[in-house]
Each structure stands twice: as C-alpha cells, then as structure tokens.
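Some notes on the structure that comes next.
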Amino acid sequence: MSELLTKTPGAVGAPPAPLKLVTGPPVPAPERRPVVAPGTEFVTVTIDGHPRQFPKGTNLLEACNQAGAEVPSFCYHAGLSSPAVCRQCLVDVKGQPKPVPSCYTPVTDKMEVITASPRVLDIRRQMLEFTLLNHPIDCPICDKAGECTLQKHYFDWDAKYARNDGVKVEKAKRVDLGRHIVLDQERCILCTRCIRVCDEVAHQSELTMAMRGDHEILTTAPGRRLDNPYSLNTVDVCPVGALTSKDFRFAMRAWELESTPSICPGCATGCNVEIHSSRGEIHRLVPRENPTVNKHWMCDEGRFTYKRVHGGRLVVPESSGIPVEWDRGLADAARLLRDGLDRDVARVGVVFSAQSTNEDLYALSRLTFENLGLTRAYLAGLDQGWADDILVSADKNPNTAGALAIGGGRLKSLLDLSNDIKQGHLTTLLVVGEEGVLGSAGAAALPIDRLEALIVLAWRRDALVEAARVALPMADFAEVDGTFTNRQGRVQRISAAVPPAGDSLPGWEIVSLLSDRLGIPLEFSGTAGPLPAAGGAGPGGPATAGGAEGPAGRSSTLETGRGRGPTARTVFLEAKHKMPFMKDADWGRTSLPVQLRFAHTRG
Amino acid sequence: MKTEKTLTPLERGGASSQAEGSRRIVLGVQEPDDLDLPTDPLPLNMGPSHPAMHGTVRMVLDVEGEKITSVDLQIGYLHRCFEKEAEHATYTQIFPYTDRLNYVSPMLNNVGYALAVEKLLDIDKKVPERAQFIRVIVGEMSRITDHMTCLGAGAMELGAFTVFLYMLKAREWLYELLEEVSGARLTHSYLRIGGVSADLPEGFSAKLLDIIARSRGVIEECGKLLNKNRIFRDRMDGIGIITREEAIAWGITGPVGRSTGFDYDVRRDHPYLVYDRFNFDVAVGSVGDNFDRYMCRIEEMHQSMRILEQALEQIPDGPVIINDPRIRLPAKSETYNSIEAMIAHFKVIMDGIHVPPGEIYSFTEGGNGELGFYIVSDGSGRPWKCRVRPPCFANVSILPKILPGLFIADIVPTFGMINMIGGECDR
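Have a look at this one:
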C-alpha cells in the first residue's frame, strides 16, 4: 500500500537530525555556538544523554537550546535578568528532588539534565494550562497572532483541549499606557519582561504588577505613564499581544511581513534593525540582536524613521520644477555643472550628506575630487539633538564618521557654505542628500537665489528641492544596499527591503551617471571574484558580480551598450580597498527577505 | 476498365471476418493498379484543441494516405505546476489541488494523497474505521464516474451519441450524491488528513443503493447498444493492441494494463483502507485491444458497485476524523469558546500540520492505474516536495508505439480507451 522509504531526517535536504526527543516541537532549533573568550573554563553537561561542553556559568536554558533540546520559556530573555516566575522552563536534573528552573540555573560540571521526561512534559502541559486558563480568546483580533510565543508553546507542548468551563476573569482591554503603547490586561501572562525592560534598559521604572492571583494586572506606577524613550521595546519582548504599539496596531498581520536586516538611520549609534515590510510597504522596524552595538534594543524615535521612506518623496527628476525623464534630468544637470566648471572650477561647490551611505559618498568623492577637482566641499546633516548614555547619540545622522573619513578633511561646515554663498564664492552647487542642508536656520540662512545653478540629489521634496534648478530623486536607506559607519567606527551593512520609490535610483548610481554625462566615466574597479554563497533562507541571488541584488538593486538601465553595470557591492569593494576606515568592513551575504511566517516567533 | 473488387467484410455481411485466433480486420476496397498511387508522407497536426481528443494534447502525425507512420505525442498543455504549488501550501491546502489532478475521479486523488501524508505522520492505523469506509465508498463512486465518462465520451466519438447521454445521465446521479456529501460535483476536497471533513448525509445509503440499481440498468442498456454493434466492434476490435510484456515494461497499470492480461490491482495486491474486507473480482483481459479495455472498464464498474454494496452494509458508526488537536480542526463551538481550541485552530491553519521529516512513496488504485504520491517532508507544515506519479502518463507513453500502422480514424477510439486525463497527465 505504501512504502516508508526513510523516516530518518537528513535525507534529501531536510534539516539536520535533532536530539532524540520524546515529544515536542518537530522542527529543532538551529545549533547556536556563542563566541567564547580564550581561557574560559568549560564544564561537561549531559543533556538527554548527550554530553557536551559548555563554558562555566552558562545558563542551563541557553545550554539546552544550544544542544538542540528545545525548552520553552516565557519570562526568560537573554538581555534581561531572570526571575524564574513563569515556571515554564522546568527541567529535571539528576540528583535534584524537584525540577529546576533552567533559566535561573547555571551549568555545573557533570550535571545531567533530562528535558523531556514524562514528569517534565506533564509539568509543561500543566503550566500552559494554567497560563491559558484566563487567557482571552483574542487570536483573530490580536496583533501578535502568528508570532505569539504562547501559541507556539501550546501547539508544541500541550495541544489538549480545555478542561475548564470557559468563564474567565475580566480585566481592562484597551489601556492607554503611554505615548506609544496600548495594554490589554487580559492577555498579559504576567511574565514581567516589560517591567524588567523599563527597569534595566531604560532605567525608568514605570511599570509594575498590581493585585494578586487571578486578578494580577500590569499597570503603571501611580501617577506615571509609560513614556520612556525605550518603551516600544516592551512590545518586542512581550510574548503575547498584551502590549501593542499604537503605530502598528491592526496595521498588518505578522505572517504577511518579510524581514530584511538593516541599520537604523536615526542617529550615529547605528542600532541593528529588521525592516518588516509587506508588498513594498514598510510597517515597522524592530531591533536585531547585536552584542556590541545595541544588544537587543533600540529607541522609540529610531523605530519611526521608516515613515520617511513612504511620505513626501521626490519620485521623478525635475528640471526647473517640471517633471522630466532621467535622460533629460541628467542632461540638464550635466550641462549646468559643465557650464559652471568651464567658467571657474573654484566656484563650483558640492555638499556631502552625513545621511548618505558610504557607497554614495565614495562615488561622490571620486567624481568631485578626483575627476572634477573641486575644492569647495561641505558636509550637511541633521542637527545635533538629545542624547543619553543608553543608546541614543546626539548626532542624528547615521554616517557622519563615514562622511568625514571619505571627505578626508576637505569638508567644511554649513556655516562656511552660507558664508561662501553670501560672499559670492560659489556659482554652482551640487547637493547630494538634502536632509538638513537648510538646517535649523531655515532658507534665509542659505541665500540660494545668489547661486546661478543649484542641482540637488534629494530623497524628499522640501524647500531646497523646490528651489533647485534640477532635482534628481535618490533612493532612501530602506531601498538600497550599502553601508553606514556608526559612532564606534563600525561599518554596518544595510539591505534593500522595498523597491525604490517612483523613479529614484541609489545615490552612487546617479553620481556615476552624471559622471558619464560629464564625459569622465567612473569605472569602479571593485571586483573581488564571485559573491559568497547566499546565507539563510533564500536560494541565493544571482551569483555573478554585477547581477542585481535584493529587491532594489538593479543595474542601470539607462546606459545601453554597457552591459552589466556596477552594483553597490562593486562600489563597496573599491571603497573598502581605498578607504582605511573600511578595511575591516564586510559586505556580508546576500540576504533575501525572510517571510515571518516561517520564522516562528520573535521576542 | 475492368476492376476486380473483393468483397469487404461489410458487404459480406454477418460477423466480421475473423480468422481463428486472429482479430485483425482489413477494411476498404482493394483495387490494383490505379489506386496504388505513390503517397508522400504528410505531417498532420492533431490538437491540442480537437473535438475528439480528450483533454489538451497535441499529436503531430506523419501520415501516408490514411495510415500513420509516426506519432509525436506532445503533452503538457494542462501543466499547472501542481508540484510547485504544493511546496507553498500547507498539507491541507493541497487537497483542492489533488481534486484537479484526475478531475473525473477526484475522490481517488484525495485518498491517495491523504494516505501518503498519514503514513508520514504515523497515524495511518489511527484513522477511524468509519472514515476508512467512507473513503472507500466515495472512492469507488468516483471510479464509476471516471469509467462512465471515459466510455460515454469514447462511444460518442465513434458516433454513439445515445450512449454518451445515457452514461452521463447515470453519472449525474452519482455527481448529485457526491454533491450532497461534499458540497461540490467535482472539486470535492472532501478528505482531510486523519479522516474526512464531514460525515455522510442522512439517507445516503438508501440513495446510493438506488443509484447502483439504476446504474446497472443503464450499463446494461449501453451494453445492448454497443457490445454487438457492428460499427463499434469493427472500430474497436483488434485496434491498438498492447501486449502484456509491453504493459509491464512501460509501466501501464489500471484497466489499460489489465486488458493486456497483466493482472495487477493495487486494491487487491497491496490492500489499503479496508479493501481487504470486501469480495470483489478484478477484470483482466486477454487481447489488449480497445474492446478489451472497454470491457475491462464495464466490468470494473460492476465490481465497484459490488464493493459499494458491501461497504454500505459493513460501515460502522463512529467519528470520521482522528481526534488530535494538532491534526484536525476543533469544532466551531469549541473554537469560539476556548482559547486552547482557538490556538489549535489558528496554528493548524496558519502553520499547517507539522509532519516529521521523512519521505514516502504511497500508491493506490486510481481511475487509470497506480496513482502514486511521493512526499518529502521537512518537519514544517508544508511539504518539501510532493510528486505525483500519474498513471495515465505511463499509459499514454505507449501511443507512439501502437499507433503507427493504424489509420487516422483509429486514433479516436484508441486514445479514448487509453483515457488520458489532462489534469493527471500534465499536473
């Protein structure tokens, strides 16, 4: 009737075999080996009969997960203290009469752990039953559905129907906790992760538990609101849909989202983020773990930087305010530049932006310094803002370090730009990245009308674009592949998550096209052999140097007869070769957006 | 000019001239000299859109006069990427795709697929008995509709329009009853992993027995119209002969294979579901020509009705789907009133049923032969690979071998009796 050819995993591309489990989630967690400092003492721990070595003091829960024996937990979070309140992670340890909470237990030598004995499995079921006893039946309307830890653990470890009569304790359903958060007290499973985030990450203890037993609720301290600048991290760590972001509430279902790794452009810290987008529209940014930059967190302001990608963009090239084709726009810009250069090279200026990627800046520096020999260069960016000692930098530009390094000391400030224009030292100005060029002083500070020609490569339509003679649309941070350099000097990769808006192109590509029109092509020599194999989920992008990468990377379609043009990676490789600050930078692997549907749960 | 005319079998009257042991018939006037014209080979295109071709298939024929010298059979016009779609759908979402494989016997496809997944899940012994009986019943009903369609359409193409309408009339009774069971005449999606989606409706047994009785009458009537019909016999006898060795070598199963003398029926030889509890015979032919294939199908319909009567008698009461929250959807009353059932409902639909990693080839007796499903699972709720072994793919592959030497007119009954279902062959 039927033949079971092989039941062993490992056949035909299936994921590697897990440890032998009695029951539990069928898809084993991937093996994670942390980086350990040399000289660390190791202990031997036997997990489910398999002895392994771990650094002394490793958390037992982490150890079990690394070994492939999944142990569920709610209140444990790698970046927070571990109170062992949820009791979901209990495992049996030989020699201990009672099961131990593995999130609270460090490994000791010759420890023998059983993660799936009948008693342990029973305890897991019971704990889940307790947790679900008063949980409201909100899945259809709950934001967390699809990425909910409670759903996952129930399905993997419990999967039994209810034994109670279904009458549940009623609590407040839509509590406006603060600036960004809505609380549903019924959904809360009392894990206290959010309280610890406020205590330990934001250092402002606004949240607390009140009442007892069945009626225990999460609430703010008397007279306080949840308005610290890291409040949205509580939404990330909440295992259920109790805490929801007002911005994201009911916006999009989790399984429709695709996740692309990137870097937050909000300030010079460069927190690692994931851009969650669906059908070309970004819906939220969430932090990505990076132990050296931002650990597991990011600030609230940074989360909203995604909004600028979709609103008020410049989408078509404009010449004298009239939308034109790229051909015409580039021709006009080149003509203006050529006129200015022919008259007096010393009166042509260029403005670099600290918001641009290293690739954009490098291409621009090659055009303006090497090819055109300009002497007047300035650095623009957003003004300084508030800062704290947790994550937020005062410098609100993601790539100041890169701009300064690539500029090589030749970049002057906006004040100098203003003076130079007033004193008539500039006739033609090329601005690449209009963010903050006008600065806080407003249009009055920059007497643009004294310029004969203003060419702007812009992300957004603002006053500078209105005043420009030629405006060319640039693709924003979420639409390009590139790198930013943060305040630590770390060069970090951003990936394109959505296609460029309208007709916009990456900045380096526009610069390259302009350079062609000026008669001095920028030949990027960034070849380093074939692309490394694509990592993770995707089957790999086209593995040829010069092929398109990611959803936005496309070779220039305007240059006929050139065949495959350069890509952002080509520019990066040349910059890496030429710029000392980038010598340790890594382009990383081509990462195709991962659908959250296949990513189980976050947080 | 004096011509000598030999009498054709038609003019001679009576039964077709058959030499002892040989059933080859020669038709046509044989006149020497003038009509021995040299012929040029002519490429002739038949299909993909052709009134006498079942489904969409293209045959590029090389003919000399009326005689075919070579056949280039081009299938794939109905390829709809079943296997690729299956990689993105959960195991339950694949059921509607299986409906559309052999679309004249959809329940049999559902059954074949469900059995494969259940074996991977290791629950094949735990499917409730009532569900197994139901699967046999609806499966055999689908088999009867498959044969009725094949024979009705085949007869119509030879000019017997009445037979077509009679067979379809009987087929409609079955379709109406299947519509009562599943909600649709053709695209049932009735089965689920672990059982069937809903129980049989009230009065089903009585209705089905009535239909069986009436269908027997219809088949008998059609038999009276066709079995000794001169035109029918002349066009079907001795045409498109497949030998038993060829059948085995080319992997031809089902009524086509059995008509050659190759005695293989998955229901009897590798019993699945509850087929081992029924008494039924397997129709095996001897010559392997079109008429044998026709008779095999007629007899198979009778045997299917026999199985149905026994199944209706033996079917027990009980649940119709396995009671595991990880596999079946909970009842709506529970889903709306308990969080556990709500989560189970959510995860079973969104994540799919988690099938442990492994691979399996599971085969059943489809309408046209051995229908196989080869599934590779990776532990998630969606298969890694879901390959269908379509029986008519192998059946049809022999056409370029048996058609050359026949007349163009012989393609029609031969192709009809091979019964290529485009949905199954091309997937």
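Protein sequence lines, in the order shown, are assigned to chains L and W. Using this note's numbering, read the first sequence as starting at 1 and increasing by one per residue. Using this note's numbering, read the second sequence as starting at 604 and increasing by one per residue. Cβ coordinates follow ideal geometry from the N, Cα and C atoms, glycine included. Owing to the predicted nature of the structure, the values given are computational and were not obtained by experimental measurement.
CB contact flag (residue i, residue j, <7 Å)
i: L/Ser353; j: L/Ala394; result: no
i: W/Lys810; j: W/Leu780; result: yes
i: L/Arg288; j: L/Pro265; result: no
i: W/Ser792; j: W/Pro699; result: yes
i: L/Phe484; j: L/Ile263; result: yes
i: W/Met662; j: W/Leu645; result: no
i: W/Glu961; j: W/Leu723; result: Checking the displayed sequence, the identity of residue 961 of chain W turns out to be Gly instead of Glu. Yes. Within cutoff.
i: L/Gly436; j: L/Leu382; result: yes
i: W/Val660; j: W/Ile671; result: no
i: W/Phe807; j: W/Ile918; result: no
i: W/Gly755; j: W/Met770; result: yes
i: W/Leu711; j: W/Gly1026; result: no
i: L/Thr115; j: L/Asp48; result: yes
i: L/Glu479; j: L/Val456; result: no
i: W/Arg871; j: W/Val885; result: yes
i: W/Arg900; j: W/His750; result: yes
i: L/Trp255; j: L/Leu596; result: yes
i: L/Val201; j: L/Glu359; result: no
Among the options, the one whose alpha carbon lies nearest that of residue i
i: W/Val720; options: W/Val890, W/Thr1017, W/Gly984; result: W/Gly984
i: W/Glu686; options: W/Pro699, W/Glu973, W/Val877, W/Arg990; result: W/Arg990
i: L/Val91; options: L/Ser81, L/Asn59, L/His77, L/Leu80; result: L/Asn59
i: W/Met908; options: W/Asp872, W/Pro651, W/Ser889, W/Arg819; result: W/Arg819
i: W/Arg788; options: W/Glu1027, W/Gly650, W/Ser745, W/Met649; result: W/Ser745
i: L/Ala162; options: L/Leu132, L/Ala497, L/Ile181; result: L/Leu132
i: W/Tyr694; options: W/Ala717, W/Glu824, W/Leu647, W/Ile814; result: W/Ala717
i: W/Asp868; options: W/Leu828, W/Gly841, W/Arg836, W/Gln906; result: W/Gln906
i: W/Val887; options: W/Phe881, W/Val979, W/Arg896; result: W/Arg896
i: W/Glu732; options: W/Asp1013, W/Val951, W/Tyr875, W/Glu937; result: W/Tyr875
i: L/Ala268; options: L/Cys299, L/His283, L/Leu285; result: L/Cys299
i: W/Leu974; options: W/Ile1024, W/His653, W/Met656, W/Lys1004; result: W/Ile1024
i: W/Arg817; options: W/Lys772, W/Gly841, W/Glu849, W/Pro986; result: W/Lys772
i: L/Gly329; options: L/Val120, L/Glu452, L/Asp503; result: L/Asp503
i: W/Ala997; options: W/Arg838, W/Ile845, W/Ile1011; result: W/Ile845
i: L/Cys271; options: L/Ala334, L/Asn486, L/Asn228; result: L/Asn486
i: W/Lys950; options: L/His577, L/Asp327, L/Tyr154, L/Val113; result: L/Tyr154
One or two residues paired with residue i in a DSSP bridge
i: L/Thr485; result: L/Val491
i: L/Thr567; result: The partner list for L/Thr567 (beta bridge, DSSP) is empty, contrary to what the question assumes.
i: W/Val923; result: None, per the DSSP bridge assignment.
i: W/Ser980; result: W/Gly961, W/Pro986
i: L/Glu274; result: L/Pro261, L/Val286
i: L/Val437; result: L/Val437 pairs with nothing; no bridge assigned.
i: L/Gly349; result: L/Arg376, L/Leu429
i: L/Ala453; result: L/Thr428
i: W/Leu664; result: W/Leu647, W/Val674
i: L/Ser245; result: L/Ile181
i: L/Met474; result: L/Leu505
i: L/Phe42; result: L/Pro55
i: W/Gly975; result: W/Phe966, W/Arg992
i: W/Pro654; result: DSSP, once it has assigned bridges, lists no residue as partnering W/Pro654.
i: L/Leu391; result: Looking at the DSSP assignment, L/Leu391 forms no beta bridge with any residue, so it has no partner.
i: L/Val175; result: L/Leu183
i: L/Arg313; result: L/Arg460
i: L/Gln384; result: Answer by DSSP bridge pairing: none, since L/Gln384 is not bridged.
Within the stretch 78-155 of chain L, ranges of the alpha helix (DSSP H) (whole runs, at least 4 residues):
118-133, 149-153
Hey, which unbroken runs of the alpha helix (DSSP H) at 4 residues or more fall wholly within the stretch 754-833 of chain W?
764-785, 807-829
Taking the runs of the alpha helix (DSSP H) that are 4 residues or longer, which of them lie wholly in the stretch 195-239 of chain L?
232-237
Taking 8 Å as the cut-off, does the stretch 209-218 of chain L touch the stretch 159-178 of chain L (at least 3 CB pairs, one atom from each stretch)?
yes
Count Cβ pairs between the stretch 93-108 of chain L and the stretch 127-145 of chain L that sit closer than 8 Å; are there 3 or more?
no
Could you tell me which whole alpha helix (DSSP H) segments of length 4 or greater appear in the stretch 682-737 of chain W?
685-691, 698-702, 709-724
With contact counted as at least three CB pairs below 8 Å, one residue from each stretch, are the stretch 236-245 of chain L and the stretch 360-376 of chain L in contact?
no
Contact between the stretch 923-933 of chain W and the stretch 815-835 of chain W (3+ Cβ pairs under 8 Å):
no
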